[in-house]
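Enquirer: Starting off with a structure, shown below.
In my numbering, the protein residues as written are 1 to 103.
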């Protein structure tokens, strides 16, 4: 069964968002016919330095539920990520607690 055939089936199987993203990346082919690579990190401490990303590849970093953690790594992505061809998205329930000068 293709995981994307029916949204109701996805909800009934209680597929986690991480599993869904992995499946999307695995099934999506880029121009080079290679599947996209997805990595998930549990805390900001686990994030690689933005300088370690390959600027030859398109990179996307999505920060979700990082509000209660140190923001240093997230800020580094917003300040230096463009040099590594990295776009960033930050999902937060409270905009006013974020370091608004960098994020």
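Cβ atoms here follow ideal geometry from the backbone N, Cα and C, with glycine treated the same way.
Using the beta-carbon count (16 or more within 10 Å), is residue 78 buried or exposed?
Expert: As a working note, residue 78 is residue 78 in the chain shown. Its Cβ being crowded by 16 or more others within 10 Å, residue 78 is buried.
Enquirer: If you count every other CB in all the chains shown that lies within 10 Å of the CB of residue 74, and 16 or more means buried, which is it?
Expert: Taking the first residue of the chain shown as position 1, residue 74 is located at position 74. With 16 or more other Cβ atoms within 10 Å, it is buried.
Enquirer: Are the CB atoms of residue 67 and residue 94 nearer to each other than 8 Å?
Expert: The residue you call residue 67 lines up with position 67 of the chain shown. The residue you call residue 94 lines up with position 94 of the chain shown. Yes, they are a contact pair.
Enquirer: Using three-state DSSP, classify residue 64 as helix, strand or coil.
Expert: Within the chain shown, the letter at position 64 stands for residue 64. Three-state result, residue 64: strand.
Enquirer: Return helix, strand or coil for residue 91, following the three-state DSSP convention.
Expert: The residue given as residue 91 occupies position 91 in the chain shown. Looking at residue 91 - three-state DSSP - the assignment turns out to be strand.
Enquirer: Kindly give me the distance between the Cβ atoms of residue 25 and residue 42, rounded to whole angstroms, as I take these residues to be in contact under 8 Å.
Expert: Start at 1 with the first residue of the chain shown, and residue 25 comes out as number 25. Start at 1 with the first residue of the chain shown, and residue 42 comes out as number 42. About 18 Å; that fails the 8 Å criterion.
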